[in-house]
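Read in order, the letters of the sequence shown are residues -17 to 607 in this note's numbering.
Beta carbons: idealized from backbone N, C-alpha and C, even for Gly.
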Amino acid sequence: MAPDIPNGLNGSPADSNAELWRHPDPASTQMHAFKERVNAKYGLKLDHYEDLHKWSVENIGDFWGEVWDFTGIKGNRVDEPVLPHNAPMYPRPDFFPSSTLNFAENLLYPATLSDPSQPAVIEANETSTNPISWTELRDRVRRCTLALQNLSLGPGDRVAGFLGNTANAVIAALAAASIGVVWTGVSPDTGVHAVLERLVQIEPKVLFVDNGVGYNGRTHPSGVKARGIVEGLKGKGLKAVVVFETVKGLDCGVENLAEAVDEGAKAWKYDDFVDSVPNPDAPLTFTPLPSAHPLYILYSSGTTGPPKCIVHSALGTLIQHKKEHIIHGDLRPSDRLLYYTTTTWMMWHWLVSALSVGTTIVVYDGSPFRPSGEMTMPYLIDTLSITHFGTSAKYLSLLEQKHTQPLLPQPDGTPAASLSTLRAIYSTGSPLAPSTYKYIYAAFPPTIQLASITGGTDIISLFGAPNPLLPVYVGEIQSPALGLSLLAVSPTGTPVSPSEPGDLVATAPFPAQPTTFFGPSGDKKYYEAYFAAFPPLWHHADFISFVPHTDAGRKGTNNAASGLLMLGRSDGTLKPAGVRFGSAEIYNILLAHFPTVADAVCVGRRRAGRVICDALHEWVTRYKH
-17 MAPDIPNGLN GSPADSNAEL WRHPDPASTQ MHAFKERVNA KYGLKLDHYE DLHKWSVENI
43 GDFWGEVWDF TGIKGNRVDE PVLPHNAPMY PRPDFFPSST LNFAENLLYP ATLSDPSQPA
103 VIEANETSTN PISWTELRDR VRRCTLALQN LSLGPGDRVA GFLGNTANAV IAALAAASIG
163 VVWTGVSPDT GVHAVLERLV QIEPKVLFVD NGVGYNGRTH PSGVKARGIV EGLKGKGLKA
223 VVVFETVKGL DCGVENLAEA VDEGAKAWKY DDFVDSVPNP DAPLTFTPLP SAHPLYILYS
283 SGTTGPPKCI VHSALGTLIQ HKKEHIIHGD LRPSDRLLYY TTTTWMMWHW LVSALSVGTT
343 IVVYDGSPFR PSGEMTMPYL IDTLSITHFG TSAKYLSLLE QKHTQPLLPQ PDGTPAASLS
403 TLRAIYSTGS PLAPSTYKYI YAAFPPTIQL ASITGGTDII SLFGAPNPLL PVYVGEIQSP
463 ALGLSLLAVS PTGTPVSPSE PGDLVATAPF PAQPTTFFGP SGDKKYYEAY FAAFPPLWHH
523 ADFISFVPHT DAGRKGTNNA ASGLLMLGRS DGTLKPAGVR FGSAEIYNIL LAHFPTVADA
583 VCVGRRRAGR VICDALHEWV TRYKH
């Protein structure tokens, strides 16, 4: 049972000293092995995590070189400085500038894999599961790659997926990466206008779509949306639209799409697309590419104009994800990772990269509450022997509000879950309330590491990461990630005192910085987004505070010895009567103490009677009585 600690603001003193979890054998972890490797090679005596972190940000080139070797990246690594001495964050420096690699090769042929007959990907939905072996995955990627090459696609071209979270999306993305084509994904729950706001900017040569998706027990055909997208891409260079028969027996609508494409372009059923190649038995080969070669395009929210098209590099994505999965997450080839995500969210890309560890990934498409309500995910964890489960803070909050007890027989007579294989729960997307931390350790096995993590689309990776060498405390992300030099600063850009809230900034280069924003004035928009606020520092627009600790594993001498409290977006920071606080502090209280509140929005209002949101004001006026 979790300690009985009063609910309070995220980061109140009552929360910050409540330890919930500690690794039973830190010396068995891969982070410990990495630390000892560094000690042996460089003649050091790094004892605590903060020592290792300090070394990682003061010796950036050596650190990332060790990560390349320790995590088993495949590529042609040139013997040269990893990055120039005293390189600035902007313009973005290239790490390993003369080295080459292929992202898809690293995921399909991980150095640690011993048995290719084991599942690489397990597809799951509301009604079934389907394992796909490494051998089958490689062959399906091979066939898709040949079909893309048959359209004369090559490095720098773009391919888009309007796809659900199935193996088809993984296969298409890896096929693109194998020949240097840039992948972008948009989830099928996105409206046509929002899809086109993104895809019109990047002008994809090929568009992959599902014929339909299943959600909450219903089938939702994709044909109408797909046609609207194709019509919106007229004159933008689209060569082919390819339809997966994701929902068996549902019309793929190829004839309808064929009417909408440009002259000379074609609509295909996927099976016909891959069968059309003249050399169907050709082997899968991987194009060696520079470390900064573009891999993915992700998108900003578009709240202040058209979404910005954020370009991420192959090496930056790979080396950050391998560091996070292996060193921070202690993920191993025998493990199974399920992250509940859409193909739009950066966590989909993070999930897919776990293939580079030899880990089995589980791609789930459907409602997390179907068919067994709040027990759907716990039952799936047991069925598939999941070791690491990732989700949103909102999902865990809903379980808390429903008082879900997965380890107990359910009120409707359905059995308990055992969760005996589960070692970690990852949470991100928004701050995880202190009450939810306590709920997890009361309702789930107490041996589980609850890892609230933070990063974002902008870096396709993590600033605050899981840590097997440090405890989990109520309300806190465990620590800054290795290789990331982070501060909290005041509105004038000066560092704030320990425990004081401030804007999150990064002070030194890291490989997962985007290469640019795609399109005209991309570099200018890139600078304005991240560096204009506090030059030359990276401004992440999160409002945080560092909470110092002195315990086993750290001495309390720098921010690496601190937990992170996420207080909301700094561009949503409130300042009534001159006191700055994050909107998450309000949400935590509302959702913890008012179970009838499904969700909330917190905004500032300078005077009584001022209407903040016309639509919300109309609804409240109409229904308040």
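Cβ separation of residue i and residue j, assumed to be a contact under 8 Å, to the nearest whole Å
| i | j | result |
| --- | --- | --- |
| Pro428 | Pro388 | The pair is not a contact, with the Cβ atoms about 13 Å apart (cut-off 8 Å). |
| Ser413 | Met548 | Reading off the sequence shown, one finds Pro at residue 413, where the question assumed Ser. About 4 Å separates the two Cβ atoms, so the contact holds. |
| Glu356 | Lys376 | Going by Cβ atoms, the distance from Glu356 to Lys376 rounds to 13 Å, so no, they are not a contact pair. |
| Ile407 | Leu432 | 5 Å |
| Ala174 | Leu189 | It should be pointed out that residue 174 corresponds to Val in this sequence rather than to Ala. At roughly 13 Å, the Cβ-Cβ gap does not stay under 8 Å, so Val174 and Leu189 are not in contact. |
| Arg209 | Ala176 | So it is not a contact: roughly 16 Å between Cβ atoms. |
| Asp312 | Pro450 | 5 Å |
| Gln100 | Ile308 | Between Ile308 and Gln100 the Cβ distance is about 18 Å, and since that is not below 8 Å, they are no contact. |
| Ser38 | Ser273 | Incorrect: roughly 19 Å between the Cβ atoms, too far for contact. |
| Leu26 | Leu464 | Not really, about 15 Å apart at Cβ, beyond 8 Å. |
| His202 | Gly194 | 6 Å |
CB contact flag (residue i, residue j, <8 Å)
| i | j | result |
| --- | --- | --- |
| Ala69 | Pro493 | no |
| Asn132 | Pro270 | no |
| Arg122 | Leu266 | no |
| Pro462 | Ala582 | no |
| Ala159 | Leu297 | no |
| Ala470 | Ile526 | yes |
| Phe77 | Leu65 | yes |
| Lys399 | Ile363 | It should be noted that the sequence gives Ala, not Lys, for residue 399. Cβ atoms of Ala399 and Ile363: closer than 8 Å. |
| Val344 | Glu458 | no |
| Leu28 | Lys17 | yes |
| Ser295 | Thr532 | no |
| Glu87 | Lys36 | no |
| Ser544 | Asp485 | no |
| His370 | Arg314 | no |
| Lys221 | Ala247 | yes |
| Pro137 | His331 | no |
| Leu128 | Ala264 | yes |
| Ala102 | Thr325 | no |
| His522 | Val487 | yes |
| Leu366 | Ile104 | yes |
| Phe513 | Tyr31 | no |
| Gly196 | Gly348 | yes |
| Ser354 | Thr386 | no |
| Arg74 | Gln495 | yes |
| Pro350 | Tyr322 | yes |
Among the options, the one whose alpha carbon lies nearest that of residue i
| i | options | result |
| --- | --- | --- |
| Lys693 | Leu404, Pro480 and Leu232 | For the chain, the structure presents residues -17 to 607; residue 693 sits outside this window and is missing. |
| Asp192 | Lys207, Ile184 and Glu179 | Lys207 |
| Val163 | Leu130, Gly146, Pro530 and His175 | Leu130 |
| Leu156 | Pro170, Ser169 and Arg140 | Arg140 |
| Gln460 | Gly146, Ser472, Ala425 and Tyr419 | Tyr419 |
| Thr166 | Ala515, Arg551 and Phe500 | Phe500 |
| Gly446 | Leu466, Thr439 and Leu401 | Leu466 |
| Ile161 | Asp257, Ser96, Asn84 and Asn107 | Asn84 |
| Phe426 | Gly475, Asp440, Thr403 and Ala415 | Thr403 |
| Asn147 | Ser134, Ser169, Cys126 and Trp520 | Ser169 |
| Gly411 | Pro518, Gly550 and Asp33 | Gly550 |
| Ala149 | Arg120, Pro203, Glu62 and Leu380 | Arg120 |
| Glu245 | Ala488, Ser273, Lys216 and Tyr31 | Lys216 |
| Arg352 | Asn198, Pro260, Tyr321 and Ala9 | Asn198 |
| Tyr509 | Gly438, Asp7, Ile292 and Trp116 | Ile292 |
| Gln302 | Thr323, Ala22, Thr94 and Gly47 | Gly47 |
| Ile279 | Gly504, Thr474 and Asp317 | Gly504 |
| Ser481 | Ser379, Leu546, Tyr24 and Gln495 | Leu546 |
| Thr98 | Thr228, Lys305, Thr117 and Gly437 | Reading off the sequence shown, one finds Pro at residue 98, where the question assumed Thr. Closest by alpha carbon: Thr117. |
| Thr172 | Gln392, Ile153 and Trp327 | Trp327 |
Proximity test, residue i beta-carbon vs the ligand FAD heavy atom, cut-off 7 Å
| i | result |
| --- | --- |
| Gly411 | This structure lacks the ligand FAD; in fact it carries no ligand of any kind. |
| task | Kindly provide the ranges of any beta strand (DSSP E) runs that are 3 or more residues long and lie completely inside the region 235 to 280, ordered along the chain. | result | 248 to 251
| field | Every unbroken alpha helix (DSSP H) inside the region 108 to 191 [4 residues or more] | value | Complete alpha helix (DSSP H) runs here, min 4: 116 to 132, 149 to 160 and 174 to 184.
| task | Counting only runs of 4+ residues fully inside the region 38 to 84, write out the alpha helix (DSSP H) ranges in chain order. | result | 42 to 53
| query | Quick check: the region 174 to 184 against the region 330 to 341, are there 3 or more CB pairs under 8 Å? | reply | no
| field | Contact between the region 236 to 243 and the region 106 to 120 (3+ Cβ pairs under 8 Å) | value | Using a Cβ-Cβ distance cut-off of 8 Å, the region 236 to 243 and the region 106 to 120 are not in contact, since fewer than three pairs of beta carbons, one from each stretch, lie closer than that value.
| message | Please give the ranges of any beta strand (DSSP E) in the region 192 to 230, keeping only runs that are unbroken, at least 3 residues long and fully inside the region. | response | 194 to 197, 200 to 203 and 222 to 226
| Complete beta strand (DSSP E) runs within the region 275 to 340 (minimum length 3 residues, chain order) | Every beta strand (DSSP E) stretch that sits fully inside the region 275 to 340 and reaches 3 residues is listed by chain position as 276 to 281, 291 to 295 and 318 to 321.
| Considering only residues of the region 457 to 541, which uninterrupted beta strand (DSSP E) runs meet the minimum length of 3 residues and lie entirely inside it, listed in chain order? | DSSP runs (the beta strand (DSSP E)) wholly in the region 457 to 541: 468 to 471, 484 to 488 and 520 to 530.
| task | Can you check the region 410 to 444 for any beta strand (DSSP E) of at least 3 residues that lies completely inside it and give the ranges in chain order? | result | As far as the region 410 to 444 is concerned, its whole beta strand (DSSP E) runs of at least 3 residues are 431 to 434 and 436 to 438.
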